[in-house]
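Residue 170 in the numbering used here is what sits at position 64 of the sequence shown, and the numbering runs on without skipping anything. Beta carbons: idealized from backbone N, C-alpha and C, even for Gly.
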Amino acid sequence: MCPTLAIAPATASAIVPTTVLATAPATVPKMPGPTSKASHALADVRLQLKAGTTRKGRPLEPEEISALEEKRDRMVAEMRAERQKKILGRITDHTTSEADRVSREVPQAVQQCIMDELDKRLGPAPASAMEEALAQRRWANKRIRELRKQEKDAAYSEELCEGVLANAALAGRENHSEPAAFEATPPSGEDVELASSCGLEREMATPEDIGAIRAGYHADWLPDALRRGLWDYTLTRQPFLVKFRGHDVKTSPKNNFADPTEHGEYPLYRWGQERQSYDLVERVPPPVRAVMDYIEAQFGDKTNLAMATYYWNGTEQCIPIHRDKKVTTGSEGRVETASRIFNVSLGAVRPFLVTSLSSLGKTERKDMRILADFPMQPGDLYVLEGDVNKRFGHGVARDPTVKDLRVSWVFRTVDACFVNPIEQTFREAGGKDHPIRSSDRGRPAEEEPAQKKRR
């Protein structure tokens with residue numbers, strides 16, 4: 107007969123033995139006296155107070171006695187706190203080791219009674235599912251350790267780890283090695299249920315999600331007259347290499363154009379660049395204004411910031427998979443969720459990729475889990491909705507086969523942050539001004555020799 111067990115009617119993870127063994131020692135052995143530098147200093151202070159003289163034999167003044175007494179009390183308190191910390195650490199280590207010993211020595215009969223009771227309440231657990239879950243978790247933990255060792259950017263590390271866990275849940279049922287490139291096929295109901303049970307719904311792409319992603323692509327959207335005008339103006343401008351963590355971002359030279367407010371402030375998109383690059387902004391020129399007006403006529407969105415990114419070739423210039431940062435006060439968190447972002451492509455064809463969050467930071471196509479791939483011919487438009495930006499990543503992969511210039515024009519509606527180039531300050535909406543220290547704003551980007559020759 108098995109003894110009666112008190113088992114909560116929840117899940118197997120909630121079942122614990124109810125017996126607690128009082129194995130901690132009744133008294134804590136006295137710690138040996140301190141022999142550190144602090145203890146010698148305390149002994150010296152006490153000796154001076156007891157003798158009433160300094161080290162050189164001069165009688166102590168009342169003020170000196172008071173100062174030494176305060177120093178003595180402070181040192182005693184610090185050493186006492188340190189000793190208490192060591193004692194508590196030993197108690198914790200002792201308790202943990204005893205708990206491990208008790209768990210190893212639980213009689214096999216009691217463990218069997220627990221399993222029998224579980225089988226009665228929850229039914230027998232499928233061994234294959236358990237083994238599969240453990241294999242997926244082991245692979246995920248291994249990849250997380252590798253990423254944490256390699257990844258130096260703390261802003262990406264948490265999202266990368268979350269993405270790896272999601273990939274483990276989506277990996278093949280029979281082969282638990284690292285998954286191959288992901289194909290943009292709708293997941294099965296079993297996959298959706300598994301992701302839901304693991305809390306990974308945001309990593310999954312349902313058929314509705316794929317539809318929302320593909321709905322943002324508009325082929326041959328920009329009229330020929332506007333496209334030629336914008337392209338001709340683009341070729342007359344020299345982009346800047348902005349600063350990021352002390353270095354020039356050579357992979358994405360940029361130009362920024364915005365509408366100033368009545369106070370001389372320009373909308374500011376902070377994607378991670380350093381402050382000294384904040385004031386690299388100009389008034390919107392007529393060719394760019396014409397495209398912004400066309401966006402408002404077609405979609406009803408009144409944009410106030412345009413950013414041109416130059417890709418001289420497919421080897422040097424690319425955009426790692428990312429999510430656009432917050433630009434409106436109505437967005438939640440650090441990424442933009444409340445407004446639409448308009449991306450117009452000119453020049454050479456460079457595919458616009460939408461991926462799962464596990465691909466954040468990737469630049470090589472073979473390393474990405476791609477959900478959708480849009481060619482982005484000259485004049486094509488992709489409208490990035492807030493929910494798509496929140497739940498999925500996007501970017502332009504490295505492609506050595508591309509030798510010609512491609513320029514991406516991105517139009518946004520910004521009301522969360524502003525910069526004043528004259529006053530050399532920036533501020534968040536409703537906040538105070540901060541200096542931008544623009545002594546080293548950035549330098550013009552040099553074109554590739556082949557590109558200069560083609561001009």
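Burial state of R446, where buried means 16 or more other Cβ atoms lie within 10 Å: buried
Pairs of beta-carbons, one from the stretch 428 to 440 and one from the stretch 385 to 401, closer than 8 Å: are there three or more? no
How big is the Cα-Cα spacing for P292 and I476? Per-residue confidence for P292 stands at a pLDDT of 39, beneath the threshold of 50, marking its modelled position as unreliable; the derived number appears in the next sentence. Going from the Cα of P292 to the Cα of I476 covers about 12 Å.
Between the Cα of Q483 and the Cα atoms of T342, S451, G499, which residue gives the shortest distance? S451
Measuring alpha carbon to alpha carbon, tell me which residue in I427, Q404, H353, K192 is nearest P329. Q404
Given a cut-off of 9 Å, decide if P392 and V520 are closer than it, judged by their beta-carbon atoms. no
Opposing strand residues paired with K70 [DSSP bridges]: Past the boundaries of the shown model lies residue 70; the chain is included only from 107 to 561, so the question cannot be answered.
Buried/exposed call for I425, threshold 16 Cβ in 10 Å: buried
With DSSP as the reference, identify every bridge partner of H353, one or two as the case may be. F350
Please state whether the Cβ-Cβ distance between N362 and Y416 is less than 9 Å. no
State the beta-bridge partners of E388 as determined by DSSP. F363
Quick one: Cα of C523 to Cα of K538, how far? 11 Å
Using 8 Å as the Cβ pair cut-off and three pairs as the minimum, do the stretch 376 to 389 and the stretch 345 to 365 touch? yes
DSSP bridge partner residues for D479 (one or two, in chain order): L459
Please list, in chain order, all residues of the same chain as T469 whose beta carbon is under 6 Å from its beta carbon, the five residues on each side excluded. C424, P426, R504
Excluding sequence positions up to five away, which residues of its chain have a Cβ less than 7 Å from the Cβ of P541? Q530, T531
E380 and G420 closer than 9 Å at C-beta: no
Going by CA-CA distance only, name the one from P506, G467, W515 that's closest to Y488. W515
Through-space distance from G453 to D315, alpha-carbon basis: 29 Å
What whole-angstrom Cβ distance do A64 and V513 have, given they're in contact under 8 Å? Past the edges of the chain, shown from 107 to 561, lies residue 64, and the structure says nothing about it.
Could you compute how far the alpha carbon of P165 sits from the alpha carbon of E175? 15 Å
Is the CB-CB distance between H428 and L490 below 9 Å? no
Determine the contact status of F448 and V502, defining contact as a CB-CB distance below 9 Å. no
Same chain only: Cβ atoms within 6 Å of Y323, ignoring 5 sequence neighbours per side: F480, Y488
For the stretch 138 to 186, which segments carrying the alpha helix (DSSP H) assignment without a break, of at least 4 residues, lie completely within its bounds, in sequence order? 143 to 157
Determine the direct distance from the alpha carbon of H500 to that of D326, and round the result to whole angstroms. 20 Å
Environment of K432 [buried if 16+ CB atoms lie within 10 Å]: buried
Between R518 and Y339, how many whole angstroms is the CB-CB distance? I'm expecting something under 8 Å. Not really, about 19 Å apart at Cβ, beyond 8 Å.
I need the DSSP call for P541, collapsed to helix, strand or coil. strand
Taking the DSSP output, what are the residues bridged to E373? Before going on, a small fix: residue 373 reads as Pro here, not Glu. DSSP, once it has assigned bridges, lists F524 as partnering P373.
Span separating the alpha-carbon of A144 from that of A183: 12 Å
Using only the alpha-carbon positions, how far apart do E422 and L336 sit? 24 Å
Close beta carbons around V508, own chain, < 7 Å, minus the five adjacent residues each side: N419, G420, A454, R456
Bridge partners of W515, per DSSP? A414, V450
Just reading off the beta strand (DSSP E) that E534 is part of, what are its end residues? 531 to 534
For R161, count neighbouring Cβ atoms within 10 angstroms of its own Cβ and tell me buried if that reaches 16, exposed if not. exposed
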